[in-house]
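Student:
Numbering (the numbering used here), first residue to last: 706 to 1114.
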């Protein structure tokens, strides 16, 4: 058996920019950071990209750098992380009821939450069903509390365009209140609907643009054309720097898998089988590739849920499957083509109940040139677990089981 646990966000996306090899300074990628400490003290630095890792890196680099240029193509939505030291009482409350909390978290749509169920009605009401004053109060409380739970303070912020615009307006006002330069504030204000891309968590991200050593560069208006020996050229301007940090993300979900030459029946390459986009059954198996299992890959809820919990579920399912095969003298298990087609259709139907298709995100492969536009993750952890459990309980319905691993005709 071959189990691909290669990670959905482990294949770094280094942009193909002319002249990249001639830069005389240092180059880093946020997804392949050195293990030894990196100092930007007194340096001129450019960060390319303002996705999740860029938003985390930019405030830290700005504290050290003499000058920081931030090259942004598309502004994303950020809410404060509100990281803080937990007191002993909070830690005790979690550790003393950890098993119950884990069970509760697994019942949530994204398999994560910080406390037991909130008061009735909170997070279960449409943003359109309350007064402007009440909605603002809920947004303010969620902003002050911080974290990704902001997206769940109303029931429809990521599924209803009108509700999404209300959240977008609130965050836009927060940006305008925080960033002193109105031009920078406008550039940092997202234009897409809230909930179409990953919600990012930040620590002093917007506040960083008030620093005198930080300059925001709009590369959607002045695209990057080349890397020179001394820096980066965007539009008609050269930015001479000592270091370049690429915060350009990953070839998500499929990059690490397809970097290997995985072959199935009749020598079929997985890259060819997925030429029009990845296809799996339950996010676990692929038709034509017997005894191949995938963990946290396309068709699974990994990146739209608590990834650790999602991985634990899949690992347990695979382990139970292998025990079943050994106990029943089964040598081969393979996703059936019809079941795979039905699963891909189901993944897309569920995703279209959200606003994800309204944005160009890495969930759709939009950050990689030439990558098929296919929505890859599964939306909803409890529903996914139920479907995996049902397949196993019915004798692994949707999989072909054989006492011998033989080539197909």
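We put the CB at the ideal spot given by N, CA and C, even for glycine.
What you are looking at is a predicted structure, and each value in this text was computed from that prediction instead of being measured.
By the DSSP assignment, the beta strand (DSSP E) with residue 733 in it spans what residues?
Tutor: By 1-based counting over the chain shown, the position of residue 733 is 28. Looking at the DSSP string, the run of the beta strand (DSSP E) that includes residue 733 is 731 to 734.
Student: Hey, residue 763 and residue 949 are a contact pair by Cβ (cut 8 Å); roughly how many whole angstroms apart?
Tutor: The residue given as residue 763 occupies position 58 in the chain shown. The residue given as residue 949 occupies position 244 in the chain shown. Going by Cβ atoms, the distance from residue 763 to residue 949 rounds to 14 Å, so no, they are not a contact pair.
Student: Give every residue of the same chain whose Cβ lies closer than 7 Å to the Cβ of residue 934, excluding the five residues on either side of it in the sequence, and list them in chain order.
Tutor: Residue numbering aside, residue 934 sits at position 229 when the chain shown is read from its first letter. For residue 934, where only same-chain residues beyond five positions count, the Cβ hits under 7 Å are 727, 728 and 729.
Student: Please classify residue 943: does DSSP put it in a helix, a strand, or coil?
Tutor: Translated into the one-based positions of the chain shown, residue 943 becomes position 238. Residue 943: strand per DSSP, three-state reduction.
Student: Using the C-alpha atoms, what's the distance from residue 736 back to residue 755?
Tutor: Mapped onto the chain shown, residue 755 falls at position 50. Mapped onto the chain shown, residue 736 falls at position 31. Distance between the alpha carbons of residue 755 and residue 736 is about 13 Å.
Student: Identify every residue that forms a DSSP beta bridge with residue 1089.
Tutor: Position 384 of the chain shown, counted from the start, is the residue given in the question as residue 1089. Its beta-bridge partners do not exist; DSSP assigns none.
Student: Can you list, in chain order, the residues of its chain with a C-beta nearer than 6 Å to that of residue 969? Leave out the 5 residues immediately preceding and following it.
Tutor: As a working note, residue 969 is residue 264 in the chain shown. So the qualifying residues of the chain are 993 and 994.
Student: With H, G and I counted as helix, E and B as strand and the rest as coil, what does DSSP make of residue 905?
Tutor: In the chain shown, residue 905 corresponds to position 200, counting from 1. Three-state result, residue 905: strand.
Student: Looking only at its own chain, which residues have a Cβ that is under 8 Å from the Cβ of residue 812, when we skip the five neighbours before and after it?
Tutor: Here residue 812 is taken as the residue at index 107 of the chain shown, counted from 1. Result list for residue 812: 1087, in chain order.
Student: Can you name the residues that DSSP bridges to residue 990?
Tutor: Your numbering for residue 990 matches position 285 in the chain shown. Paired residues: 986.
Student: Leaving out five residues on either side along the sequence, give the residues of the same chain with a beta carbon under 7 Å from the beta carbon of residue 1077.
Tutor: Numbered from 1 along the chain shown, position 372 holds the residue referred to as residue 1077. Taken in chain order, the residues that qualify are 981, 982 and 1070.
Student: The alpha helix (DSSP H) spanning residue 1020 covers which residue range?
Tutor: Within the chain shown, the letter at position 315 stands for residue 1020. Segment 1012 to 1032, the alpha helix (DSSP H) holding residue 1020.
Student: Per DSSP, what kind of secondary structure is residue 1109 in: helix, strand or coil?
Tutor: Here residue 1109 refers to the residue found at position 404 of the chain shown. Looking at residue 1109 - three-state DSSP - the assignment turns out to be coil, as it is neither helix nor strand.
Student: If you draw a straight line from the alpha carbon of residue 722 to that of residue 776, how long is it in whole angstroms?
Tutor: Within the chain shown, residue 722 is the residue found at index 17, counting from 1. Within the chain shown, residue 776 is the residue found at index 71, counting from 1. Cα-Cα distance, rounded: 14 Å.
Student: Taking the alpha helix (DSSP H) that residue 765 falls in, what are its first and last residues?
Tutor: Stepping through the chain shown from its first residue, residue 765 is reached at position 60. Counting along the chain, the alpha helix (DSSP H) containing residue 765 begins and ends at 757 to 769.
Student: Can you tell me the Cβ-Cβ gap for residue 940 and residue 928, rounded? I've got them flagged as a contact below 8 Å.
Tutor: Your numbering for residue 940 matches position 235 in the chain shown. Your numbering for residue 928 matches position 223 in the chain shown. At roughly 7 Å, the Cβ-Cβ gap stays under 8 Å, so residue 940 and residue 928 are in contact.
Student: Can you tell me where the beta strand (DSSP E) with residue 998 in it begins and where it stops?
Tutor: Locating residue 998 in the chain shown gives position 293, counting from the first residue. Per DSSP, residue 998 belongs to the beta strand (DSSP E) from 997 to 999.
Student: Which residues share a DSSP beta bridge with residue 968?
Tutor: As a first step, residue 968 is located in the chain shown; it is residue number 263 there, counting from the start. 974.
Student: Starting from residue 809 and walking both ways along the alpha helix (DSSP H), at which residues does that stretch end?
Tutor: Here residue 809 refers to the residue found at position 104 of the chain shown. It spans 803 to 811 - the alpha helix (DSSP H) in which residue 809 sits, taken as one unbroken run.
Student: Using the beta-carbon count (16 or more within 10 Å), is residue 1022 buried or exposed?
Tutor: As a first step, residue 1022 must be located in the chain shown, where it is residue number 317. The residue is buried, with at least 16 neighbouring Cβ atoms inside 10 Å.
Student: Between which two residues does the beta strand (DSSP E) holding residue 772 run?
Tutor: Against the chain shown, residue 772 aligns to sequence position 67. Start and end: 772 to 777.
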